[in-house]
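The numbering used here numbers the first residue of the sequence shown as 9 and each following residue consecutively.
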Amino acid sequence: METLHVALGSRSYPIIIGQGFLGDRSLFEQHLRARDLLVVSNTVVAPLYLESLQASLEPRRVVATILPDGESHKTLANVARILDVLVANRFGRDCAVVALGGGVVGDMAGFAAATYQRGVAFAQVPTTLLAQVDSSVGGKTGVNHPGGKNLIGAFHQPVAVMADTRTLATLPSRELRAGLAEVIKYGLICDAGFFAWLEAHIDTLLAGDAAALGHVIRRSCEIKAEIVGRDEREHGERALLNLGHTFGHAVESATRYTEWLHGEAIGAGLVMAARMSVESGHLTSEEMDRVVDLVARTGLPTHVANVSPDIALGHMRIDKKVQAGRIRLVLLRGIGRAFVTAEYAEPALHRTLAKHLG
Ligand code: NAD
Ligand code: GLY
Numbered sequence: 009m010e011t012l013h014v015a016l017g018s019r020s021y022p023i024i025i026g027q028g029f030l031g032d033r034s035l036f037e038q039h040l041r042a043r044d045l046l047v048v049s050n051t052v053v054a055p056l057y058l059e060s061l062q063a064s065l066e067p068r069r070v071v072a073t074i075l076p077d078g079e080s081h082k083t084l085a086n087v088a089r090i091l092d093v094l095v096a097n098r099f100g101r102d103c104a105v106v107a108l109g110g111g112v113v114g115d116m117a118g119f120a121a122a123t124y125q126r127g128v129a130f131a132q133v134p135t136t137l138l139a140q141v142d143s144s145v146g147g148k149t150g151v152n153h154p155g156g157k158n159l160i161g162a163f164h165q166p167v168a169v170m171a172d173t174r175t176l177a178t179l180p181s182r183e184l185r186a187g188l189a190e191v192i193k194y195g196l197i198c199d200a201g202f203f204a205w206l207e208a209h210i211d212t213l214l215a216g217d218a219a220a221l222g223h224v225i226r227r228s229c230e231i232k233a234e235i236v237g238r239d240e241r242e243h244g245e246r247a248l249l250n251l252g253h254t255f256g257h258a259v260e261s262a263t264r265y266t267e268w269l270h271g272e273a274i275g276a277g278l279v280m281a282a283r284m285s286v287e288s289g290h291l292t293s294e295e296m297d298r299v300v301d302l303v304a305r306t307g308l309p310t311h312v313a314n315v316s317p318d319i320a321l322g323h324m325r326i327d328k329k330v331q332a333g334r335i336r337l338v339l340l341r342g343i344g345r346a347f348v349t350a351e352y353a354e355p356a357l358h359r360t361l362a363k364h365l366g
């Protein structure tokens, strides 16, 4: 078991990474003090892990809400369902909401916790690779709007992130690959050595090797914790964590969150960010080829059919990084060297979209 820290003053919290601790009552008592607990999960994860988690939370009062599965259910209506359960059970301000599941459950449970009685405690028990390396850390919570991805939300830090890597044993391989997109992202943003390690170990990771997965979860959480610790509210550096996301979110929105997993859309988004970096003269085509190659070897798309570049561009224009009507992009000056810019030529953006979409 290993503990990392997100250093945010009075809102600091631990990220606990270990194998098989879901039934460890003393660990949950240590990190989650509330007497009244609402566990939020979904129809896929609850049958696998709810009983074990619930046993380690009792004898406290534990209520569970089971939501439908999938990105298309990351809606205000489902957050309202969580809030209804909190009200119906007369949970007070001293309760805590516990998210058991992937990023979809975590984002919604966190948003409900951010808004119930103006904010109650919240813990993340992430069960997908994507949630263990990214979404459970950093306090971004929220839901999708038909007009755009994650358009409604709040910053609300958890009191603890408890990542039991044994839960990954039941994760479908398509979901494992999707989670690796966010891992590749960290290497591209700021750690060329980690990117090279991923190139060398991608087959081991895809085979589900526990030690290799443990390494990427630790390194990813370290990088995310450091960046969030320096820029919690995304006034600057944290925007780098959106590498590939302006492109990827457009793919998700254009396909109504049904065709591609979030991580798959981000895989294609990383490739488009690399292409745009080459088109803008920041990255060599050899470096871009390394990105395309690793994304492809991970089994993620490098080209997305049936999404028109114009429609994607329309979605990009309501991205949260738009400032003064201008889409700001996260680009690469090299592997491990991401930066944010609004200085680029529109035709280069059109060429990039035309190359990888449609
Ligand atoms: P997800 O929550 O939909 O989980 C993927 C699938 O795996 C689901 O069908 C889920 O039920 C299933 N599942 C979960 N754990 C399992 C397990 N252990 N065994 C078997 N099946 C399991 O998707 P995700 O990829 O975890 O998260 C994607 C979401 O996270 C997106 O909505 C994205 O916007 C969000 N996100 C948020 C942040 C953030 O900072 N808040 C960061 C990155 C992504
Ligand atoms: N996934 C982007 C962020 O947490 O900032």
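The beta carbon of each residue, even a glycine, is placed where N, CA and C say it ideally should be.
Item                                                                                                : Value
Closest by C-alpha distance to Asp44, when choosing among Glu66, Leu61, Ala54, Leu179               : Glu66
Residue ranges of each alpha helix (DSSP H) within the segment 184-258, 4 or longer                 : 200-214, 218-238
Complete runs of the alpha helix (DSSP H) confined to the segment 64-122 [at least 4 residues]      : 84-96
Helix, strand or coil at Val300 [DSSP, three-state]                                                 : helix
Closer than 6 Å: Gly146 CB and nearest ligand 1 heavy atom                                          : yes
CB of Ile346 within 7 Å of CB of Leu278, strictly                                                   : One detail in the question is off: residue 346 reads as Ala in this sequence, not Ile. No, they are not a contact pair.
Cα-Cα separation between Met280 and Pro180, rounded to whole angstroms                              : 26 Å
Sufficient close CB pairs (3 or more, under 8 Å) joining the segment 123-143 to the segment 160-172 : yes
C-alpha gap between Ala42 and Gly114, whole angstroms                                               : 18 Å
Short Cβ contact (7 Å threshold) for Leu108 with Leu61                                              : yes
Residue range of the unbroken alpha helix (DSSP H) whose run includes Met280                        : 270-287
Range of the contiguous beta strand (DSSP E) that encloses Asp327                                   : Per DSSP, Asp327 belongs to no beta strand (DSSP E) and is neither H nor E.
Span of the alpha helix (DSSP H) around Phe36                                                       : 33-39
Gln27 (DSSP reduced to helix, strand or coil)                                                       : coil
Cβ pair Thr175, His164 closer than 7 Å                                                              : no
Boundaries of the alpha helix (DSSP H) in which His358 is found, first to last residue              : 354-364
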